[in-house]
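Number of protein chains: 2
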Amino acid sequence: MNVQSTDKKEAIFQSTLALLQDYGFHGTPMSQIAQQAKISVGTIYHYFDSKEALIMELFAYCKAKLMGHIFNGIIADKDHYERDFKIVWKRFVQFNTDFPIYFRFMNQFYSSPFHEMERVRKQQQCGDGSMNIQSFLTCGVQLNQLKDTSLQILNAAFTGVAVSYVKSIIFGKATIDQAQLDEMVELVWKSLKKEIL
Amino acid sequence: MNVQSTDKKEAIFQSTLALLQDYGFHGTPMSQIAQQAKISVGTIYHYFDSKEALIMELFAYCKAKLMGHIFNGIIADKDHYERDFKIVWKRFVQFNTDFPIYFRFMNQFYSSPFHEMERVRKQQQCGDGSMNIQSFLTCGVQLNQLKDTSLQILNAAFTGVAVSYVKSIIFGKATIDQAQLDEMVELVWKSLKKEIL
DNA sequence: AACCATCAAATGAACGTTCAATCTACAGAC
DNA sequence: GTCTGTAGATTGAACGTTCATTTGATGGTT
């Protein structure tokens, strides 16, 4: 696969992302995706087996982009965990508010029947080795930096607050406020950090 | 509209809810909705103008059911705010884990282009007078019980954590743990309550 | 008889996918 | 430098299916 091919795939991804926002999965025809990407329908089928396959690949593409961004340069060792925790949380919010097009797609994806397929696919391969939020939180517990509670609670408090905040920014068409962001990350950190007895 | 009619609408709602889980909006044909509700396609169009109208009404139906349940008997006065806060939060989680069919639909709805329509529709009518989470939180600030911070933050911490926790229960096919629920509501309350100086 | 609820066949548009034809790029032959 | 063979990329019309919605007939109730 040459440079040209990668460009085409990229164009298809961007076109799909843009259209999905307004019309949803089944509301966006392949013909429109092709039109917006300035290629013909047939070409899409040269790169993807089906519409479903396109969506699944698009999800992997978005997730990799997000994770690569928020964990860039993060090591998460004992001495810097608090700092890294706050960086990662703020990056998560920042990335999603900066690129709402990715957020809205992933949000739709997670709430759709596709998510179940992804879940199944993932259990088969048992993790891909790269850093993700779950492993970052688990790591925090092992390093004695986070409350020794269930991963469910940790994840709910970490991701839930962030996602909900991002939604209020994007859907409320507001801009992000750094002071507010700092206030929130403190709130999340305080509620999850290990209390020193 | 007689009792029969209400039953039919109810049947259509339940049938739609059940099918939407697995196949999504455009993936569930009117014909299947009719089949599962044991009526004919034409009958659906006797009660609803279109498929879109059906979805919008279904959303209002679900939301009313949820809100009616979680705010049942709640007054939210100064002396009982903490107690009511915890009751409301736990009811929110409990209702959604008890009836995942409603949760999954609303979750899909909020992440879809329909949400934008709902948002527009709502701005026109400027609130419906009944108790909802936003007014409950605003009330808490006015009563000097909650942190005097933005509604965005309050809502993100209240709803975000709850929704995220419900998801982990439903999608993780786990059962709800009362001790964990208590732990979480304390965590949410502590992070939002007004600190006494 | 008038009205409402219900039915299921009919309609017409839209969609995902296929495929035979065409184009492009490039390597080797002369 | 020019010709030629080949493999991959690209096209868009065509196919068969499916879907939301309409319609006109039918049954039941007042």
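Sequence lines, in order, name chains A and B.
So that you can map any letter, position 100 of the first sequence is 102 in the numbering used here, and since no number is skipped, the others follow by simple counting.
So that you can map any letter, position 115 of the second sequence is 117 in the numbering used here, and since no number is skipped, the others follow by simple counting.
Here a beta-carbon is modelled for each residue, glycine too, at the ideal position from N, C-alpha and C.
The structure presented is a predicted model; accordingly, all values stated were derived computationally and were not measured.
Secondary structure of residue i, DSSP reduced to three states
{"i": "residue 148 of chain B", "result": "strand"}
{"i": "residue 196 of chain A", "result": "coil"}
{"i": "residue 161 of chain B", "result": "helix"}
{"i": "residue 108 of chain A", "result": "helix"}
{"i": "residue 3 of chain A", "result": "Any reading at residue 3 of chain A must be qualified, since the residue scores a pLDDT of 45, below 50, and its modelled position is unreliable; no value is offered."}
{"i": "residue 176 of chain A", "result": "coil"}
{"i": "residue 17 of chain B", "result": "helix"}
{"i": "residue 229 of chain A", "result": "No answer is possible for residue 229 of chain A: it lies beyond the span of chain A, which begins at 3 and ends at 199."}
{"i": "residue 77 of chain A", "result": "coil"}
{"i": "residue 98 of chain B", "result": "helix"}
{"i": "residue 33 of chain B", "result": "helix"}
{"i": "residue 186 of chain A", "result": "helix"}
{"i": "residue 39 of chain A", "result": "helix"}
{"i": "residue 170 of chain A", "result": "helix"}
{"i": "residue 132 of chain A", "result": "coil"}
{"i": "residue 191 of chain A", "result": "helix"}
{"i": "residue 10 of chain A", "result": "helix"}
Endpoints, the alpha helix (DSSP H) within which residue i is located
{"i": "residue 115 of chain B", "result": "115-127"}
{"i": "residue 71 of chain B", "result": "53-72"}
{"i": "residue 48 of chain A", "result": "43-49"}
Test: residue i CB closer than 8 Å to a CB of chain A
{"i": "residue 24 of chain B", "result": "yes"}
{"i": "residue 165 of chain B", "result": "yes"}
{"i": "residue 102 of chain B", "result": "no"}
{"i": "residue 158 of chain B", "result": "yes"}
{"i": "residue 183 of chain B", "result": "no"}
{"i": "residue 18 of chain B", "result": "no"}
{"i": "residue 75 of chain B", "result": "no"}
{"i": "residue 56 of chain B", "result": "no"}
{"i": "residue 192 of chain B", "result": "yes"}
{"i": "residue 146 of chain B", "result": "no"}
{"i": "residue 119 of chain B", "result": "no"}
{"i": "residue 127 of chain B", "result": "no"}
{"i": "residue 110 of chain B", "result": "yes"}
Neighbour flag for residue i against chain B, beta carbons, 8 Å
{"i": "residue 142 of chain A", "result": "no"}
{"i": "residue 114 of chain A", "result": "yes"}
{"i": "residue 155 of chain A", "result": "yes"}
{"i": "residue 34 of chain A", "result": "no"}
{"i": "residue 71 of chain A", "result": "no"}
{"i": "residue 96 of chain A", "result": "no"}
{"i": "residue 27 of chain A", "result": "yes"}
{"i": "residue 134 of chain A", "result": "no"}
{"i": "residue 152 of chain A", "result": "yes"}
{"i": "residue 170 of chain A", "result": "yes"}
{"i": "residue 88 of chain A", "result": "no"}
{"i": "residue 161 of chain A", "result": "yes"}
{"i": "residue 189 of chain A", "result": "yes"}
{"i": "residue 37 of chain A", "result": "no"}
beta-carbon residue i near the ligand COA non-hydrogen atom, thresh 7 Å
{"i": "residue 56 of chain A", "result": "The ligand COA is not part of this structure, which contains no ligands at all."}
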